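4 protein chains.
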Amino acid sequence: MPLSAAAEPRRLRADAARNRQRLIDAAAEVFAARGLDATLDDIARHAGVNVATAYRHFTNKHELADEFLRQCIEAAAAIADEAAADPNPWAGLTAFLERSLDLIASNRALVDVLTRAHDGDQFAELLDRTSAPLERLLARGRQYGMIRDDIAATDFAPILEMLGAITGTGVPGLPYLPHRYIALILAGLRPSPQRLPSEPPTPERLQRAAASKAARRG
Amino acid sequence: MPLSAAAEPRRLRADAARNRQRLIDAAAEVFAARGLDATLDDIARHAGVNVATAYRHFTNKHELADEFLRQCIEAAAAIADEAAADPNPWAGLTAFLERSLDLIASNRALVDVLTRAHDGDQFAELLDRTSAPLERLLARGRQYGMIRDDIAATDFAPILEMLGAITGTGVPGLPYLPHRYIALILAGLRPSPQRLPSEPPTPERLQRAAASKAARRG
Amino acid sequence: MPLSAAAEPRRLRADAARNRQRLIDAAAEVFAARGLDATLDDIARHAGVNVATAYRHFTNKHELADEFLRQCIEAAAAIADEAAADPNPWAGLTAFLERSLDLIASNRALVDVLTRAHDGDQFAELLDRTSAPLERLLARGRQYGMIRDDIAATDFAPILEMLGAITGTGVPGLPYLPHRYIALILAGLRPSPQRLPSEPPTPERLQRAAASKAARRG
Amino acid sequence: MPLSAAAEPRRLRADAARNRQRLIDAAAEVFAARGLDATLDDIARHAGVNVATAYRHFTNKHELADEFLRQCIEAAAAIADEAAADPNPWAGLTAFLERSLDLIASNRALVDVLTRAHDGDQFAELLDRTSAPLERLLARGRQYGMIRDDIAATDFAPILEMLGAITGTGVPGLPYLPHRYIALILAGLRPSPQRLPSEPPTPERLQRAAASKAARRG
DNA sequence: TATGAATGAGAGTTCATTCAT
DNA sequence: AATGAATGAACTCTCATTCAT
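Residue numbers (my numbering), protein chains in the order written: chain A, 919 to 1136; chain B, 919 to 1136; chain C, 919 to 1136; chain D, 919 to 1136.
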């Protein structure tokens, strides 16, 4: 899944820029197939370039993964934007979860980054880009009495994290299981007299949690 | 968290048994901290023994992980049994999820085993041990109109998998976030006029999914 | 004794080619000194490169040994060719045995390959390359009544295997003992009224024997 | 002042002596099957005792191998004695070579010790025990004009070493190949007008050669 | 700039040998 | 005396990263 090219600060020669994007696309494919543990050599071979070339573009494997994840975040943000544009908030919310799940499902590494938390900063970025549209969506949903009012945009980070954990449960030839659990969570998001315990997480808290996960990994 | 000692066929000398359990406990700690990718050397050092000693007790790293997971499964089964014994099905269900989450939270590797599925057989075992009590619990819950009737014991594998993904979100000094999402899922488990899509997964399907995950990892 | 360079399919950079040959030469020396059990680390150190470099050139220890043996086989084939070119068959035969012995003597591992049979395929290759010239040599020798007529080219595999076993018997400052036993065997190769028992071994039989030896070793 | 100086170094308890012999027998079997590289653990298990027990009887693996080889040497000496007792020197010589070969063939490790020279001292011992009977045999053979007179007892060390190298060439269902090469060597041992180069090796030389081989191994 | 090649620091595993019961 | 257990030192092989063309 070649993600849209990102804006690069420095000007690169045309072929260099092409190599750079090739590497990111290759990373997407290989990470998707083998997870974040895939070797850089493999990715480079997949991109049709040499490993050393990868190191000219990215100081280390970590950074290539980051770049790849940044592009994933772009895609996630686009999904949130489109969902918020839906006139029916409930339909928008449903679409948001389902399309997010599709994105996650297409990338094993994205599961890794959400589950094993590769880098806290990326997480913050993801929140930053999706919060505003989600908040708009939720506001309208509450207005119409479609969505419970003790849920906030930041709650969707853990929610997607949870859904990401079961993306791999697809078995060819059978209905895709995660939809079932999206529906379960959607049922939980309906208005209810019983309030959820504690408050929605603050962005800071989510960042700290993601960072602490990242720290564990080294 | 030293798990309950497992029944060992052969009698071990006192010191050997101690070392064996030390290794498993060390494995729990180290796996908890760094996931199933942790090195055996690390675990052995943590246990205060030589790597070769680990190899005397377990033919390879895989087997040590298996032993550790087996003990986790015992604990999980105990949780399911106690939950089923609760006279109030809803309270039992709540306790089941919360205590399961606590167990998972204390072991990063348990997340791995649920998320990344180290070994399909272990997964099958886990299902096997928890299905019967859960099914009893659900049956009573449905009778009393407390629990929606299109959910089955096997649904709790993905549900716990999901919850496992966010166990790491705890931040010292703040209320434990996962409880919030347990509550969200519990809300979704209340009876509802809208049925969930597709059927509860069959044990075979869950096993196949777990096995295919395990295959990816190698 | 650096053996003649072998034809390599892919073009290697100058320094890589140098390292590659250095590794093979180092393998020759180290195998010669310690047999095929020598460690790759040792060989690499001898070649002045890192072990990992050895692994860049050869997928495993086995393959490095194979490459080294291939070069030995080239040398052995050259010896057979030159011997067959000698106008005097007896002189040719003598030269063949003596020069073969010199080759073997310079390489402990060559003894290994003949004695302990590292790889049945290599053995087959060796036979294949030396049989034709030897057969020509023997044919002329029989014509002139110089060589007994119940001996065949394939007999020289076991004969060299035998001689290989005593190559190590040289002691500095004393006449080289193996020559004495070459002479003994040459005496046995003179025409004789008493026929040797059984037939010369077929190539298939030699290969099977070599393969069964290889199997034992693992 | 006890007159009966025991031939046995130390008295062993009956069961200890039994274990000791069991270990040597197990060593023979296991060495025969897997060569001198077999693990002590394997041998001990084969003997039905613990490794540590092996270390009570033998200071290290080397010494157990030595003991095993010593028993082989006894057998070899017996063969030489019986051969010398044959009234027909040529028949005696033939029997000596064939039975020696059988002995070697039954023990992979004996090939190792002769080929790869585990220990120079053992070699000396072997010579020592077989020289006298062989010399008597040869003397009579020369008298009758049956055996060439420039061959000596010490020549049979390299000769057996050579034959040992091809003991493995047997293939089930086919005539045993080594007999063919014994016949070849016997043909070379017939009287001949052409003298062999250099002199028969002195015992010292053979010992030095064997010792230098042993040194290589470490 | 891009490449082929090289490397150091492990990871998993094995084995001769020693220790503690 | 004999055993179960423990160990340190190897050995094979891998990979992120750097160097030399």
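Glycine included, every Cβ here is placed at the ideal spot set by N, Cα and C. Fair warning: this is a prediction, and the values are worked out from it, not measured in the lab.
With a threshold of 16 other CB atoms inside 10 Å of the CB of S1018 of chain C, please say whether the residue is buried or exposed. buried
How should P1051 of chain D be labelled, buried or exposed, when 16 other C-beta atoms within 10 angstroms of its C-beta is the threshold for buried? buried
Taking 7 angstroms as the cut-off, does the CB of L982 of chain A come closer than this to any heavy atom belonging to the ligand ATP? Judged by which ligands are present, the structure shown has none, so any question about the ligand ATP falls away.
At a CB-CB cut-off below 7 angstroms, which residues of chain C make contact with G1063 of chain D? Under the 7 angstroms cutoff, chain C gives no residues; its nearest Cβ is about 16 angstroms from G1063 of chain D.
Just checking, does the region 1062-1072 of chain B make contact with the region 1066-1081 of chain A on the three C-beta pairs under 8 angstroms criterion? Taking 8 angstroms as the limit for Cβ pairs, the verdict is that the region 1066-1081 of chain A does not touch the region 1062-1072 of chain B.
Determine the contact status of A1083 of chain C and A1083 of chain D, defining contact as a CB-CB distance below 8 angstroms. yes
Is L930 of chain C helix, strand or coil by DSSP? Secondary structure of L930 of chain C (DSSP, three-state): coil.
Per-residue DSSP class, three states only, for T971 of chain C: In the structure shown, T971 of chain C sits in a helix (DSSP, three-state: H, G or I).
Below 6 angstroms CB to CB, which residues in the same chain sit around R1126 of chain A once its five sequence neighbours on both sides are set aside? none
Nearest residue (CA-CA) to A1001 of chain B, options B:G1059, B:F1041, B:R988, B:A962: The option with the nearest alpha carbon to A1001 of chain B is B:G1059.
Residues in the same chain with beta-carbon distance under 7 angstroms from P1007 of chain B, minus the five sequence neighbours each way, listed in chain order, please. L1055, R1058, G1059, Y1062, M1064, I1065
For the alpha helix (DSSP H) holding P1007 of chain D, just list the boundary residues, first then last. 1007-1023
What does the alpha-carbon distance come out to for the pair Y1099 of chain D and V969 of chain C? The alpha-carbon atoms of Y1099 of chain D and V969 of chain C are separated by roughly 43 angstroms.
Checking contacts by CB at 8 angstroms: is A1070 of chain A closer than that to chain B? no
Listing by chain order, which chain A residues have their CB less than 8 angstroms from the CB of H1097 of chain B? P1115, S1116
C-beta neighbour in chain B for T1033 of chain A, strict 8 angstroms: Residue confidence is low: T1033 of chain A scores 48 on pLDDT, short of 50, so the model does not pin down where it sits. No coordinate-derived value is stated.
Are A1023 of chain D and T1085 of chain D closer than 8 angstroms when you measure CB to CB? yes
Tell me, please, whether the CB atom of S1110 of chain D is closer than 8 angstroms to any CB atom in chain C? Yes - at least one Cβ of chain C is within 8 angstroms of the one on S1110 of chain D.
Assuming L1081 of chain B contacts M1080 of chain A (C-beta within less than 8 angstroms), just tell me the rounded distance between them. Contact between L1081 of chain B and M1080 of chain A holds: their C-beta atoms lie close to 7 angstroms from each other, under 8 angstroms.
Could you give the distance in angstroms between the alpha-carbon of A994 of chain C and the alpha-carbon of T1048 of chain C? Put simply, the backbone Cα of A994 of chain C is about 7 angstroms away from that of T1048 of chain C.
Using C-beta distances below 8 angstroms, list every residue in its chain close to E1043 of chain B, excluding the 5 sequence neighbours before and after it, in chain order. R988, I991
Does DSSP put I1084 of chain B in a helix, a strand or coil? coil
6 angstroms CB neighbourhood of I961 of chain D in its chain, flanking five on each side removed: Contacts found: A944, A945, V948.
Of all Cβ atoms in chain D, is any one closer than 8 angstroms to the Cβ of I1103 of chain C? yes
Note the first and the last residue of the continuous alpha helix (DSSP H) segment covering E1000 of chain C. 979-1003
Quick check: what's the CA-CA separation for R1135 of chain B versus A1128 of chain B? Low confidence applies to R1135 of chain B: its pLDDT is 48, below 50, so where it sits in the model is not reliable enough to give any reading.
Evaluate Q1040 of chain D with the Cβ neighbour count: other Cβ atoms within 10 Å of its Cβ, from every protein chain shown; 16 or more gives buried, anything less gives exposed. buried
How long is the line joining the alpha carbons of A935 of chain D and L930 of chain B, rounded to whole angstroms? 29 angstroms
Should N1025 of chain A go down as buried or exposed, given a rule of 16 or more other Cβ atoms within 10 Å for buried? buried
Whole-Å CB distance - L1045 of chain B paired with L1124 of chain B, under 8 angstroms assumed: The Cβ separation is near 6 angstroms, so the contact holds.
Apply the 10 Å Cβ neighbour rule to A972 of chain B and answer buried if 16 or more other Cβ atoms are within range, or exposed otherwise. buried
Neighbourhood of N978 of chain A by C-beta distance below 8 angstroms, restricted to the same chain and skipping five residues each side: none
What is the DSSP secondary structure of P1111 of chain C, counted as helix, strand or coil? If DSSP states are grouped into helix, strand and coil, P1111 of chain C belongs with coil.
With distances taken from CA atoms, which of C:P1005, C:A998, C:R940 is nearest A985 of chain C? Reading the sequence as shown, one finds Glu at residue 985 of chain C and not Ala. Selection C:P1005, C:A998, C:R940 evaluated against E985 of chain C yields C:R940 as nearest (Cα-Cα).
Who are the Cβ neighbours of L1021 of chain D in its own chain at under 8 angstroms, not counting the five residues just before and after it? The beta carbon of L1021 of chain D is closer than 8 angstroms to those of C990, A993, A994, I997, L1028 in its chain, skipping five residues each way along the sequence.
Under 8 angstroms between the Cβ atoms of A952 of chain C and H975 of chain C? For clarity, residue 952 of chain C is Arg in the given sequence; the question names Ala instead. No, Cβ-Cβ distance for R952 of chain C and H975 of chain C is not below 8 angstroms.
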